[in-house]
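*Asks:*
Numbering (full-length UniProt numbering), first residue to last: 1 to 157.
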């Protein structure tokens with residue numbers, strides 16, 4: 001017997017309820033717009049167009065989204081799975097307001113990093129935006145926000 005909502009049910013009923021719940025959860029995945037990929041509690045889309053960081057962020061906002069934020073290795077790996085090999089792309093962090101104080105454009109906490117060796121280095125005192133560098137170790141690099149690269153948008157379900 002397994003307890004479900006105050007009542008005890010035979011294991012067979014509980015198993016059916018579990019699979020029905022999984023089926024229902026799968027249907028919720030369809031809330032992502034066509035062409036967007038569901039992961040966790042967000043929908044993601046890779047855009048190959050090369051925009052500067054602010055233009056990419058504004059483009060994402062037209063979809064009620066932001067440039068993607070990264071909060072753990074799983075997020076990082078998921079973003080890498082969306083883009084062609086050896087493609088560098090914008091994500092939503094910048095430190096343009098205060099050097100070294102990175103913030104995500106979606107307002108979420110900057111609670112995970114995966115910087116490339118020697119980064120962030122603010123080379124030339126102009127690198128204030130974060131690109132995910134599709135190098136052998138899939139690490140992060142600070143880059144001039146005026147550079148033009150591809151990008152990934154993320155929107156809440």
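For each residue, glycine too, the CB sits at the ideal point set by N, CA and C.
This one's a predicted model, so the numbers in the text were calculated from it and none came from an experiment.
1. Label residue 165 either buried or exposed according to how many other C-beta atoms from any shown protein chain fall within 10 Å of its C-beta, with 16 as the threshold for buried.
2. Compare the C-alpha of residue 54 against each of 156, 157 and 131 and name the closest.
3. State the DSSP-derived secondary structure class of residue 144, mapped to helix, strand or coil.
4. Indicate the three-state DSSP secondary structure (helix, strand or coil) for residue 37 in the structure shown.
5. Going by DSSP, name the residue or residues bridged to residue 90.
6. Taking the Cβ atom as the reference point for each residue, do residue 81 and residue 134 lie within a distance shorter than 9 Å?
7. Which class does residue 57 belong to by DSSP, given the choice of helix, strand or coil?
8. Going by alpha carbons, who is nearest to residue 92 out of 123, 124, 128 and 33?
*Replies:* Once the coordinates are examined:
1. Because residue 165 is not part of the residues shown, which for the chain are 1 to 157, the question remains open.
2. With distances taken between Cα atoms, residue 54 lies closest to 131.
3. DSSP places residue 144 in strand when its eight states are reduced to three.
4. In the displayed model, residue 37 falls within a strand according to three-state DSSP.
5. Its beta-bridge partners are 131 and 151.
6. Cβ atoms of residue 81 and residue 134: not closer than 9 Å.
7. For residue 57, the three-state secondary structure derived from DSSP is helix.
8. Among 123, 124, 128 and 33, the Cα nearest to that of residue 92 belongs to 128.
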